[in-house]
Each structure stands twice: as C-alpha cells, then as structure tokens.
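Notes for the one structure printed next.
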Amino acid sequence: MKYRTATQWGIYDVVVEDDQIVDVLDVALDPNPSPLGQALVDGVQHKARIARPAVRKGWLENPDRARHRRGADEFVDIPWDEALDLAAGELQRVIREHDNRALFAGSYGWASAGRFNHAQSQLHRFINMLGGATRAVNTYSTAAAQVILPHVVSSWGQMELEQTTWGEVAAGSELVVAFGGLPMRNTQVAYGGITEHQSEPGLAKARANGVAVVTVSPVRGDGSDEDDWISPRPGTDVALMLGCAYILETENLLDRGFLQSHCHGYEQVRQYLLGGGDGVPKTPRWASDICDVNESTIINLARIMASKRTFLTAAWSLQRAQHGEQPYWMLITLACMLGQVGETGCGFGFGYGAEGFIGSDSRRFNWATLPKGRNPTGFHIPVSRITDLLLLPGETIPYDGQEITLPDIKLIYWAGGNPFHHHQDLNRLIQGWRRPDTVIVNEPWWTPVAQWADIVFPATTQLERDDICASSHDPYAHVMERAIPPQNEARSDHAIFKGLAARLDVLEAFTEGRTEREWLANLWERSQATAAKQGFELPSFDEFWRERKYKLPDEPGRIEWLSRFRSDPVAHRLATPSGKIELFSDVVNAFDLEDCRGHASWLEPAERLGGAFSKQFPLALLTPQPKYRLHSQFDHSAYASQGKRNGHEIVKLHPDSARARGIYEGQIVRLYNNRGACLASAGFDDQMRADVVVLPTGAWYRPLDASKEGSLELNGNPNVLTLDVGTSGLAQGCSANTCLVEIEPYTV
Ligand SMILES: Nc1nc2c(c(=O)[nH]1)N[C@H]1C(S)=C(S)[C@@H](COP(=O)(O)OP(=O)(O)OC[C@H]3O[C@@H](n4cnc5c(=O)[nH]c(N)nc54)[C@H](O)[C@@H]3O)O[C@H]1N2
Ligand SMILES: Nc1nc2c(c(=O)[nH]1)N[C@H]1C(S)=C(S)[C@@H](COP(=O)(O)OP(=O)(O)OC[C@H]3O[C@@H](n4cnc5c(=O)[nH]c(N)nc54)[C@H](O)[C@@H]3O)O[C@H]1N2
Ligand SMILES: [Mo]
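Here my numbering = 1-based position in the sequence shown + 2.
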C-alpha cells in the first residue's frame, strides 16, 4: 500500500508491506524532490525508538531526584498510567509550591510538519490551560533579524514572505552579491513543509539569463564554481561592507536622492564612514585588516556594484553570530546607498540559500493552526537564553528595550525539539539542565533530549497518525496519512497531553470533546472560513481527504511592497517611526546599548580570526546546516550516515592546515577550545579558507562519560564548542558562528 506523507523537506509516498515501511517515493508534483525522504525508510521503524514510558532511576528513588545524575542514569520502564500520574503530580506540585513561571515550556524545535500533532503547539495549548508557563520568543534561525529589522524596515514576517522572487531576480538583476553564498543544500527544507522545490531551478534560470553571482563566503562551496569568490574571515562581513560603503561615498557612486527621499539618518552613517566619533575612517585598507580581503578587491566590488543592477543578499547564518544585527542592517544600508531598492530584482533580500520557500512566488495563505489560547503568565525569554534562564535565576537581561528578570525554573517540559542539538556551549547547558527538579520529554526516539530527561513519553511519528500539512508559504495542503500502526506503546503528542489533561481536570477544555479526526476536520473548516473571506472556496474536508491534496488558486498579480514604497514613500510609508528605511534608528540609539548602536557599526566580537583568542585557537569553526538531514532528525538513519565516516561526523578542513597539524584524510581528529571538545573525521576541501573548519550541526550528543563535567563528545556535535552569548542586548539571538577552535589528530 502507498500512503501520502509530508515532511519539512517535501511530499512523499510511503510504501508499506505487512506494516513495514519498505520504500519512499518522490511525488510528480515536485520539480526537484529532496533525497532526504529516504531517511524514513529505515529511520521510523528503528531500534532507537522509545518502546514504552520510562522514568530515570535516580529521579524515582531519591528525594533530591539525584539531579546531578540526569543524563548519566539508567531508566526503568513503567506503565502508561503510572507515568502519566507521576508527570501530572509533578506539574501540580510545582505550580502549587512555586508558580507557573517555574515551569519552562518554551520547547523550541521543528518536530513534524503536521498542523495538528505539532508537538510544541499541543504542549502550549495544554500548559496554557494549567495557568501557563515561562515561554520563549523568536527562533534560533533568525532572532537577530527578527528584532532589528522592524526598527529598520519592516516586520520579519513581511521580509520573509513578500520579498523579491527568483523570477524577479532573473528578470531584473545583473549582479547578485551573496554574503554567505546560496547553499542549495539548505533549500531542501522549509518550515511547515514544501511541495515544489523552486530554489535550484530559480537560481539556474537567473544564471541562464546572465545574472552574475559573487559568492562572499569563507567556503567556496556555498556558491558555484563559476561564481566570483571573495572569502572574508567569518564574522567580518560588516567591515567588508563598510569598506565598500566608504568607496561609494568618497567616489560619489551613491544615490543621494534616494537616501534623502526614502531613508532616515544617512548623515550619521556618512559621518561614521568618514571617521566621525571613533576617529577611524572605514577605508578599504581598514576593512582589509579586519576581514582579510585585498583592498583592491573591496574597491572593485564597490565599483562594480554601483555600475550594475545589483541585488544584495545575506544568508541567515551571518546574523547567527555575535552582533548579528549588524550585517543585516549594514547590507540594507549598502543597498540604499546604491539606490536600487524596490526596482525589479534589485535592492536587498535575505535567506535565498536558507529555506526552500524564500524567493518563491506562490500564494501565501494563513491556514488554521491548533488554537493555543493565551499564556496567562505572559512571560517569555529570548529563545537562545535558555542556559541563562536555568543557571542564573534572579538576574536581569536587556532585550529590545526591555529588562527581563529570569525566574527560577523547577520543571522543564520539552516536546518536539532537541536542545542538545540546537543550543550552544552544551557543557554550560548541562550545568543549567541539572538544576530543575524534573524534566519531562515527549520523543519518538532515544535522542539526547530523551536521554537527558526524567520522565520520557514515547511519541508516535507522523507515519503512525493522521494529520494535515499546510504551510503559510506553500500553495498546497496535503493529507498526512497514517501508514503504519503506532510502534510499541507510542501515543500521539495529543494523546499524551490528553492523558495529563484528564488527571489535571482540564480534559474537556483541552479536547473540546473532539477526537483527533474531528480536530483535523475542525482545522479544515476554520481554513474554509478564512478562504471565504478572501473570495475563494475550499473543498469539503471529506473531498480534500479523498483527493489527498488541494492547491490554492493563483494569486492576482503581485506588487512587491518595496516597489510600492519606492514609487510613493508617503502613500506607502513603512511601519518605522519615520516611515522610511532607518539607516539610523533613534529608538535603537535611545536603548543606549554598547553592542547595538544607532546605526550599523563594526563591533569587535568576543573571538575572531586576527582578533581575540586567535593565537590560542587559530581556526574559526563554522557550523552550517547538514546536507544529509534536518538538524538532528534521523541522525540514526542510513541516509544520514553519508555525512559521517566510522560513525563520526565529517569536519571539513583545508589540506594545508591539515598537513601543518599532521592530519591525514579520514583520520579521527579532536576539535577543542576552552568550552569543550569533540571528535570528528577529517575531510579535505581546498576551496575554503585555510584558517576555517566546517562541522555541520546535528550529530547526536554522545559524551564519553556523562557523569563527568565537560566530557569529550564522540559523535561530532559542534555545540560543545560554540559560544553561548546573546547576539547583543537588543535581540539576544544565537551566536553559534562566533567560535574559534584548535584541532589535532586524536590518539587514544
Ligand atoms: N552550532 C549551531 N547550532 C545551531 C544552528 C547553527 O547554525 N549552528 N542552527 C540553529 C537553528 S537555525 C535551529 S532551527 C535549531 C534546530 O533545533 P531543533 O529544532 O531543536 O532540532 P531538531 O533536530 O529538528 O529537533 C526536533 C526534535 O523533535 C523530535 N520529533 C520529531 N517528530 C516528533 C513528534 O511528532 N513528536 C515529538 N514529541 N517529537 C518529535 C525529533 O526526534 C527531534 O529530537 O538548531 C540551532 N542550532
Ligand atoms: N539540509 C538542510 N537544510 C536546512 C536545514 C537543515 O538542517 N538541513 N535547516 C534549516 C534551518 S532551521 C535554517 S534556519 C536554515 C539556515 O540557513 P542559513 O543560516 O543561511 O544556513 P547555514 O548553513 O547555517 O549557513 C550558510 C553558509 O553561511 C556561511 N557562513 C557562515 N558564517 C559566515 C560569515 O560570517 N560570513 C560569510 N560570508 N559566510 C558565512 C557558511 O559557510 C554556510 O555554509 O537552513 C534550513 N535548511
Ligand atoms: Mo533554523
């Protein structure tokens, strides 16, 4: 039998014989399907599945919960009823003895593409009914952008969903300058699902139309071999951009009219460029010393950008670093100086090599989601401040003009994410993670977050339940069919919370008396109502389920918001205080932060090549998204093993820096700094900076000895090395790409 399913990386048909998944097939709808689907073949019915509810032995047996043994303890299996009783009792106790803020239920993570059994949404709905919890805002992906861009130009939602399309780039642009490149491996993925992978064909069409691409990245592979390649030190793009801006200003290659009519505060930027304030003119020479790109290359880049119809774009990775607000603000500043913002295919945009929906022109539609209610505590932290939260109760951190005082967390509930994948400086996380009384996790597999919990509920995967995939950036909705029975004793996330809700007297409120199937129909009906308001009709739920998919009608011609703004900046004023693009923000300036000033600036990070700590740790570590999986998902599958050798993730390094360290290809190496150490297998790449190493994220955290602090990590999880500081007091985003290491052959 064939069953339709949807993942965060595409739509597939799953072939099942005798309740066993035997094959996964691409669907004809997708012009460029992702091979990531193959992970489902062996990854779902796998010995890594959690068979039945489990409780950590030390937690059960000790009044103090033996918290120091969390992650290093054995588990005992217990029946569902007992496990639910224990978890419900703990939730009740913590709320009674402390308050709801002592629960942390941010539960960041991607989980499955299903609308209904979206683990995090189910958790949030459930916990809100208990009086709420401490939650988290923004994402690891784009936190710095999400906070800075509304001050500068517009909401992140608009930036993501309504920006320049590939078609417009192909039609209107001559030159794309891509900071961080356009790594097509990442466009396999799109949050909430993706039907037609359009990025690769879109980029190919632009190239075929004669659009030239300059890849600005420490790694040439982020672009294609035919592109010009400029390779700055990681984390120094702002200096490079400032050097270009200096040339535009001093050679008068800029559009002063546009800066006057459409932008606020260029004068402050100009003074900064020319050396006002700090007395340092931001010359190409100055920039070159920081970013290690030739002065002449910087000058040429500025001149060529000014002579072409130019589109400037940056990967999301640039803002996933300390002071990550700055490269985005500076890129916009540079584009405004060029004066082409709002012209077809020109100006600026972000993330064209990040997720597969960026740059697509498909209709956007707000599909109904599971109603989550209101969080009565109203309290949240910036998502990547999780360790600060756990470790530093009572301390106050700045965030976007506010002050947040961190509560004392007694219970963590995580469903659908993996902090031992996503968070930085895992050895520091572990110190915090061992402080609360209780950690409860829903997981299908014995992933690290399950291994580091006290009460573990086995969740079904999407292939063991019905669901709907429908994402606001994809024109299709799809059925996600139950293809196999629940494995062992697994239950859906909804059923798990239903079990808890029954014990905590919120069953009726939580389920509203609906079965899971009735919920799916309810979601569909609410989307029908939205469609009716927009003047079109969705088929009935039964018809949708029979047809297994539905495509939105095409949208009447789209006009890009920035081209509207260009044509009339008064009638189409932006939502910024001045209504213009704010190259200087009075609001941000008034926050009086040292690490995010009133205009885009070069700010020294805590560590970088050619700067702090580079003598001791002379290699910059980049931790991009993995080609062969989504984050840590299906790391146990045969498909993901292509990114590994002998069970270790492959770290890419330049043959020259390998040779200088006596490392041969395929050797097991140890990467280390003051925060931690991990093993990886050496892979060579001579098309990258020799002082950079690349270890993709996603290998399951596996310490040699979990009972020891700072234990060597064996699989190649780079987050034992990365830096855990906020991007700045403005956004407090994730700074993963600010990281120096040393590397050596590993000998036991
Ligand atoms: N060093 C470094 N670190 C990074 C990044 C980086 O660039 N560098 N990138 C960051 C970014 S952008 C992101 S988005 C994060 C991603 O971090 P996460 O989203 O936390 O990573 P995932 O591996 O997708 O975690 C999803 C978890 O959900 C589980 N799961 C899947 N389906 C279900 C289900 O139906 N029910 C339940 N209960 N669980 C399910 C999976 O087994 C998995 O453990 O990582 C961040 N971390
Ligand atoms: N296959 C796959 N695709 C994915 C994901 C996945 O796990 N697997 N995850 C998805 C998610 S959640 C997200 S948020 C997006 C992330 O999308 P991005 O953040 O854009 O992707 P990354 O792979 O982290 O980084 C892209 C490239 O930026 C370069 N780079 C890093 N630092 C610098 C720098 O300082 N300067 C310059 N010039 N270049 C730099 C690196 O060489 C890297 O290859 O990807 C999505 N796509
Ligand atoms: Mo992300």
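Each residue gets a CB set at the ideal place from its N, CA and C atoms; glycine is no exception. Predicted model, so just to flag it, every value in this text is computed and none were measured.
- Assigned with DSSP and collapsed to three states, leucine 697 falls in coil, not helix or strand.
- Note on the stretch 314-360: whole beta strand (DSSP E) runs with a minimum of 3 residues are 349-352, in chain order.
- Using a Cβ distance threshold of 9 angstroms, arginine 430 and arginine 677 count as a contacting pair.
- Under the DSSP assignment, isoleucine 13 falls in the beta strand (DSSP E) whose first and last residues are 12-19.
- DSSP, read as helix, strand or coil, puts leucine 413 in strand.
- Ranked by Cα distance from histidine 423, the options Pro400, Thr389, Thr449, Ile406 are led by Thr449.
- Boundaries of the beta strand (DSSP E) harbouring serine 683: 679-686, taken from the DSSP string.
- Annotation: the continuous beta strand (DSSP E) that includes arginine 58 extends over 56-58.
- If you ignore the 5 residues before and after histidine 48, its C-beta comes within less than 8 angstroms of the C-beta of Trp447, His638, Ser639, all in its own chain and listed in chain order.
- Your pair glycine 245 and isoleucine 300 checks out as a contact, with CB atoms roughly 4 angstroms apart and the cut at 8 angstroms.
- A contact is defined here as three or more CB-CB pairs under 8 angstroms, and the stretch 389-398 meets this definition with respect to the stretch 409-424.
- Counting along the chain, the unbroken alpha helix (DSSP H) around tyrosine 268 starts and ends at 268-276.
- Beta-bridge partners assigned by DSSP to aspartate 101: none are found.
- Cβ atoms of glycine 355 and glycine 116 stay farther apart than 8 angstroms, at about 26 angstroms.
- Taking C-beta atoms as the reference points, arginine 704 and leucine 716 count as a pair closer than 9 angstroms.
- The beta carbons of arginine 137 and asparagine 377 sit about 6 angstroms from each other, so the pair counts as a contact at 8 angstroms.
- The continuous beta strand (DSSP E) containing tryptophan 231 extends over residues 230-232.
- Taking a C-beta distance under 9 angstroms as the contact criterion, serine 494 and glutamate 518 qualify as a contact pair.
- Going by C-alpha positions, proline 81 is about 11 angstroms away from leucine 88.
- A contact between stretches requires three or more CB pairs, one per stretch, nearer than 8 angstroms, and the stretch 264-273 fails this requirement with the stretch 306-321.
- Exposed is the label assigned to glycine 212, since fewer than 16 other Cβ atoms lie within 10 Å of its Cβ.
- A residue is called buried once 16 or more other Cβ atoms fall within 10 Å of its Cβ, and alanine 210, having fewer, is exposed.
- Ranked by Cα distance from threonine 740, the first of Phe359, Ala68, Leu320, Gly281 is Leu320.
- In the DSSP assignment, aspartate 25 is bridged to Val17.
- Residues of the same chain with a CB within less than 6 angstroms of the CB of leucine 42, apart from the 5 flanking positions on each side, are Val26 in chain order.
- For isoleucine 670, the three-state secondary structure derived from DSSP is strand.
- A residue is called buried when at least 16 other Cβ atoms come within 10 angstroms of its Cβ; serine 114 meets this threshold and is buried.
- When only Cα atoms are considered, lysine 654 and alanine 692 end up about 10 angstroms apart.
- Between ligand 2 and the CB of tryptophan 112, the shortest heavy atom gap is smaller than 8 angstroms.
- Our two residues, glycine 515 and phenylalanine 499, have alpha carbons roughly 14 angstroms apart in a direct line.
- Isoleucine 652 is classed as buried because its beta carbon has at least 16 other beta carbons within 10 Å across all chains shown.
- In the DSSP annotation of this structure, the continuous segment of the alpha helix (DSSP H) that includes arginine 287 starts and ends at 286-293.
- Under the 10 Å beta carbon count, serine 542 is surrounded by fewer than 16 other beta carbons and is classified as exposed.
- Every unbroken stretch of the alpha helix (DSSP H) spanning 4 or more residues and falling wholly within the stretch 364-417 is given here in chain order: 388-393.
- Our two residues, threonine 141 and alanine 417, have alpha carbons roughly 16 angstroms apart in a direct line.
- Minimum Cα-Cα distance from glutamate 228 among the listed residues Val215, Val240, Val221 corresponds to Val215.
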